[in-house]
Structure formats: C-alpha cells, structure tokens
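Written out below as structure tokens is the structure these notes cover.
Protein chains: 2
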Amino acid sequence: MSSTTSSGPSSGQSLREISRDAVRARINEIALDLFAERGFDQVTVEQIAAAAGMSARTFHRYFPAKEDVVIGDPAHGGEFVRAVFAGRPADEPVWDSLHLSFEALVTRSPQKGGDDDRGKLSMRVLLSAASLRARSLEKHLLWARMLTPLVAERLPADDAALRAEIIVQSALACLDVALTTWANADDGTTASELLERSFATMRPQV
Amino acid sequence: MSSTTSSGPSSGQSLREISRDAVRARINEIALDLFAERGFDQVTVEQIAAAAGMSARTFHRYFPAKEDVVIGDPAHGGEFVRAVFAGRPADEPVWDSLHLSFEALVTRSPQKGGDDDRGKLSMRVLLSAASLRARSLEKHLLWARMLTPLVAERLPADDAALRAEIIVQSALACLDVALTTWANADDGTTASELLERSFATMRPQV
DNA sequence: GGCGCACTTGTCAGAGTCTGACACAAGTGG
DNA sequence: CCACTTGTGTCAGACTCTGACAAGTGCGCC
Numbered sequence: 173m174s175s176t177t178s179s180g181p182s183s184g185q186s187l188r189e190i191s192r193d194a195v196r197a198r199i200n201e202i203a204l205d206l207f208a209e210r211g212f213d214q215v216t217v218e219q220i221a222a223a224a225g226m227s228a229r230t231f232h233r234y235f236p237a238k239e240d241v242v243i244g245d246p247a248h249g250g251e252f253v254r255a256v257f258a259g260r261p262a263d264e265p266v267w268d269s270l271h272l273s274f275e276a277l278v279t280r281s282p283q284k285g286g287d288d289d290r291g292k293l294s295m296r297v298l299l300s301a302a303s304l305r306a307r308s309l310e311k312h313l314l315w316a317r318m319l320t321p322l323v324a325e326r327l328p329a330d331d332a333a334l335r336a337e338i339i340v341q342s343a344l345a346c347l348d349v350a351l352t353t354w355a356n357a358d359d360g361t362t363a364s365e366l367l368e369r370s371f372a373t374m375r376p377q378v
Numbered sequence: 173m174s175s176t177t178s179s180g181p182s183s184g185q186s187l188r189e190i191s192r193d194a195v196r197a198r199i200n201e202i203a204l205d206l207f208a209e210r211g212f213d214q215v216t217v218e219q220i221a222a223a224a225g226m227s228a229r230t231f232h233r234y235f236p237a238k239e240d241v242v243i244g245d246p247a248h249g250g251e252f253v254r255a256v257f258a259g260r261p262a263d264e265p266v267w268d269s270l271h272l273s274f275e276a277l278v279t280r281s282p283q284k285g286g287d288d289d290r291g292k293l294s295m296r297v298l299l300s301a302a303s304l305r306a307r308s309l310e311k312h313l314l315w316a317r318m319l320t321p322l323v324a325e326r327l328p329a330d331d332a333a334l335r336a337e338i339i340v341q342s343a344l345a346c347l348d349v350a351l352t353t354w355a356n357a358d359d360g361t362t363a364s365e366l367l368e369r370s371f372a373t374m375r376p377q378v
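Note that the protein sequences, when read in sequence, are chains V and C.
Anchor point for the first sequence: position 101 equals 273 in the numbering used here, and the numbering is continuous, going up by one each time.
Anchor point for the second sequence: position 72 equals 244 in the numbering used here, and the numbering is continuous, going up by one each time.
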C-alpha cells in the first residue's frame, strides 16, 4: 500500500496524496466549524458529508471514524516528537529532552495554514465531547508506545521499563494539561509557557 | 434517584438496589468470560443478553454502553479514593497521600466475591480492546476532576490549579502503569509493589 | 486514438450500538 | 380490589461504520 505505485515519485508526495490531503484538510475545516457551532454529538456524518459535497460513504474513506476528523492522524505528531527526542544528546536528562520535544511540537503548531485560533478552536471542540477526549487519550497511548523504548534506553538498567513508562506518561500528562488550560485561557498565555510550568511541577527521581 | 423511595431503608441499600446489583454482577461475570474467550469486539450485546437470559434492551437498562460492563461505575472507585485522600493529614506530602489512596484502592480490590485472578482477567480484557482503554481513561479523567481540587488546596497558592492537575494526572498514570504491568505479569508480583515502584519514579517539586 | 489500469466516488445493503415508546406482568400498599 | 411502581419484552428508529458492486475519471502505453 505504502510504497511503489508503478512510477514511485521520489519527491515527498505523489500527486494523489496531495489531493487526498487537501480534501482531508477541507473536510476537517468544514466539520470543525459545524462541531463548534452545534456540538460534536449534534452533527451527523451525513451532514458533514453534505456540507463538503460528498456522500457519507466517501467521508468514511477519508476518516475511518467521525472522531478522527478532530483528532487527526495519531502517527503524525507522534513521529515528529519521536524524531526530535531521538536527536537529543544522550547525556541530557530525559525529562528535559521530553520537555524540549513537546515544546518543538507546540511551537511548530501555528497550524498548517490557519491562524493560531484555529488550533485553539480544534482543541476546544476536542475537549467538549467525551468520546473525543477518549480517542485523544488513546492517541497519546500510541505516542507513549513510540517514546517509551527510547526513554528506557537512557535510564539506568534498574527497572528501566516500568520507570520509562511512568516518565513518558507523566510527560504526556503535562502536554495534555498544558494544552487543555491553553485552550480554555482567554488571555494570551502561550502553550510553551504552560508547558514549561507543567514540566517544572514534576521531576523524575534520578 | 439516590435517595428516598417512599420508605427509605436506612441500612445501606434498598431491596431493589440489592437485586439490581446482583443482576449487574451476574451480567458482568458472564460477559467477561465471553470477552476473554472470543474478544470484546467479537461478542455482541445480543449474545451477552442471551447468555444472561434477557433481551438486549434489558441489558442496556443495566449498562448504558457495552464497555460499561468491563469498566464498571466510574464514581465507585473515584469516590473511594477521594474519601481516603480527604482523610489524610494535611501536612503529609500530597504525592504520598495519593500513593496511599491508590494503595488502599488496589488492596481492597480482591474483587467482591471472586479470586484475585478475576481482577486480572478483567484488567486483561480491558487492555485488549482500544475502545475499552479509551473508556477507561475517561473514567480516570473523572477521578482527576474529583481529586484535583483537594490536591490544589494543599499546594502553595502559586500556580496551584495547574500544578494540582499535573500531579493528579501523573499519579493516575502511575496507577495505570502499575495495574497494566500487573495484569500482564505472570509472576506473583503484587499490584501494591508495582504501585510503590511507580510512585517512587516521579516526585513533585515542592 | 483506443485500451487497460489505478483510483475515486456513489449507491445499496447490512451489522451493530443505543434510545424512545408502548404494553404487559408482578409485587406493594392503601 | 385498585392504584402505583418497577422490571421486562417488543417494536421502531437513528446513527456509525463496513463490504460489495457499478460507474466515472485521469493516465500511460501500444
């Protein structure tokens, strides 16, 4: 599925993929506005599809589940964070490495095209429905599975696996809380600032 | 809902509630075995209901959602933990108080009637399906909302709200990781032991 | 140009979860 | 005996998600 389509285009994405991503982005935009206006549960897939000019079946070909419109591709952010973390020096305290990795994530965010408010809107919608929060936490679980081995490597052998899990989960909790309070804040507090304060609250015992 | 049914019986539960809980427990038992055998997604509500000798509609009168059979009532454990925590001395470090509260939770667990294995089975089923994990994390979110205010109270005023959230979330992460590894462990490692090690890994900065 | 090929989309049909409405049985208390 | 409450079954419906088939579109190749 992922590799050769006869003439594999070496430059990043194939034409099809570009178009696919564009449609995805459009659906996301439309759906987000509907959700923000009427609430996640009050909008049916059929309505989103209609607003985007497609059938409900086609919607599901772009997003396996309704929640995925808001959540996005779990692998994207996860891979990004993993890469940043992997690039940190091995003698840096893991907690700081994690902090920096998430910092990089929230900094690059000023989302694709839109303003910063777009990200906030997305986050607010995400927090408004229980099923969305749940799905989002599941995404973090995937991230945890990507990060934990790398963290474990840097820990003293003693109980490394368990401790790595704890540390990663706590770091994700920091990210979660920081973004949540950021989304609910009306003042200009930046996500980085909240992340900083969050990471300062806890510390792994070296 | 909770209070007077004409002649409010002062001794814990009304007769109706006892019967209701018994039916719930029975459904839970039957369903858990089916899940363990065939997998959560491969068992339909109708099949559970049939095995329990009732219609699917009746099943849903006991459990709003299929997942709830495994998850249980979120308020139960949460209220328990909240109560234990509230009883801890105010000068005890919050991290220790949280540890003790969760410790009390996992210790009282040797589930209602069954052996300890019953709890492990339940946990394993819970970990086997994504939708269950998600729902379970949501439950923890509710617990967090119950605990955070109490924790915030004990913190120095400076940034208490944010820090309380971080600490509670991290504590819940410890609980989660401890129970997860416990469920997957075949040796006789106790949950308390794992919880102990988990809580030892991180520390809030006082 | 005509031909297949890959990909996308729509329609149809179906399974599964969950909810509301109604009717019926059974136990309780006046 | 008559309400009243509660538990249950049946029926109908909304919604999400999936599989299968048919039709349309753009592309390279002969």
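Ideal Cβ positions, reconstructed from N, Cα and C, are used throughout, including at glycine.
Values in this document were obtained by computation on a predicted structure and should not be read as measured data.
(request) Pull up the DSSP beta-bridge partners for Arg317(V), would you. (result) The residue labelled residue 317(V) in the question sits at position 145 within the first sequence. None, per the DSSP bridge assignment.
(request) Whole angstroms is fine: what's the gap from Pro328(C)'s alpha carbon to Glu365(V)'s? (result) Indexing the second sequence from 1 puts residue 328(C) at position 156. Indexing the first sequence from 1 puts residue 365(V) at position 193. Distance between the alpha carbons of Pro328(C) and Glu365(V): 20 Å.
(request) Please say whether Trp315(V) and Gly211(V) have beta carbons closer to each other than 7 Å? (result) Here residue 211(V) is taken as the residue at index 39 of the first sequence, counted from 1. Here residue 315(V) is taken as the residue at index 143 of the first sequence, counted from 1. Contact: no.
(request) Have a look at Thr230(V) and Arg188(V) and give me their C-alpha separation to the nearest angstrom. (result) Within the first sequence, the letter at position 58 stands for residue 230(V). Within the first sequence, the letter at position 16 stands for residue 188(V). Approximately 16 Å, taken between the alpha carbons.
(message) Distance cutoff 7 Å, beta carbons only. Does Met374(C) sit that close to anything in chain V?
(response) Position 202 of the second sequence, counting from 1, holds the residue named residue 374(C). Cβ-Cβ to chain V under 7 Å: yes for Met374(C).
(message) Against Thr379(V), what residues of chain C qualify as contacts under a CB-to-CB distance less than 9 Å, listed in chain order?
(response) An answer regarding residue 379(V) cannot be provided, because it is not within the stretch 173 to 378 covered by chain V.
(request) Go ahead and label Phe324(C) buried or exposed: buried means 16 or more other beta carbons lie within 10 angstroms of its beta carbon, across all protein chains shown. (result) The residue labelled residue 324(C) in the question sits at position 152 within the second sequence. Residue identity check: residue 324(C) is Ala in the sequence provided, not Phe. So Ala324(C) counts as buried.
(request) Starting from Arg280(V), trace the alpha helix (DSSP H) both ways and give me its first and last residue. (result) The residue labelled residue 280(V) in the question sits at position 108 within the first sequence. Taken as a continuous stretch (DSSP letters only), the alpha helix (DSSP H) holding Arg280(V) covers 266 to 280.
(request) Given a cut-off of 7 Å, decide if Arg198(C) and Ile243(C) are closer than it, judged by their beta-carbon atoms. (result) Counting from 1 along the second sequence, the entry for residue 243(C) is found at position 71. Counting from 1 along the second sequence, the entry for residue 198(C) is found at position 26. No, they are not a contact pair.
(request) Measure the C-alpha to C-alpha separation of Glu380(C) and Leu299(V) and round it to an integer number of angstroms. (result) The requested residue 380(C) does not occur in the structure, where chain C is confined to residues 173 to 378.
(message) Can you tell me whether Met295(V) is helix, strand or coil according to DSSP?
(response) Counting from one through the first sequence, the residue named residue 295(V) turns up at place 123. In this structure, Met295(V) counts as helix in the three-state DSSP scheme.
(message) Does chain V have any CB closer than 7 Å to the CB of Gln219(C)?
(response) Counting from one through the second sequence, the residue named residue 219(C) turns up at place 47. Cβ-Cβ to chain V under 7 Å: no for Gln219(C).
(request) Kindly confirm or deny that the segment 337 to 346 of chain C and the segment 337 to 345 of chain V touch, where touching means at least three C-beta pairs closer than 8 Å. (result) yes
(request) Taking 7 Å as the cut-off, decide whether the C-beta atoms of Ile202(V) and Ala237(V) are in contact. (result) The sequence position of residue 202(V) within the first sequence is 30, counting from 1. The sequence position of residue 237(V) within the first sequence is 65, counting from 1. No, Cβ-Cβ distance for Ile202(V) and Ala237(V) is not below 7 Å.
(message) Is it buried or exposed, Ser227(V), if we count other Cβ atoms within 10 angstroms and call 16 or more buried?
(response) Taking the first sequence and counting its residues from 1, one reaches residue 227(V) at position 55. Ser227(V) should be labelled exposed.
(message) I need the straight-line Cα distance from Arg233(C) to Asp213(C), nearest angstrom please.
(response) For the purposes of this step, residue 233(C) is taken as the residue at position 61 of the second sequence. For the purposes of this step, residue 213(C) is taken as the residue at position 41 of the second sequence. Going from the Cα of Arg233(C) to the Cα of Asp213(C) covers about 20 Å.
(request) Take the Cβ of Ala247(C) as the centre, count every other Cβ of all protein chains shown within 10 Å, and call the residue buried at 16 or more, exposed below. (result) Position 75 of the second sequence, counted from the start, is the residue given in the question as residue 247(C). Flag for Ala247(C) reads exposed.
(request) To the nearest angstrom, report how far apart Ile220(C) and Val241(C) are at their CA atoms. (result) Position 48 of the second sequence, counted from the first residue, corresponds to residue 220(C). Position 69 of the second sequence, counted from the first residue, corresponds to residue 241(C). Each residue's alpha carbon lies about 10 Å from the other.
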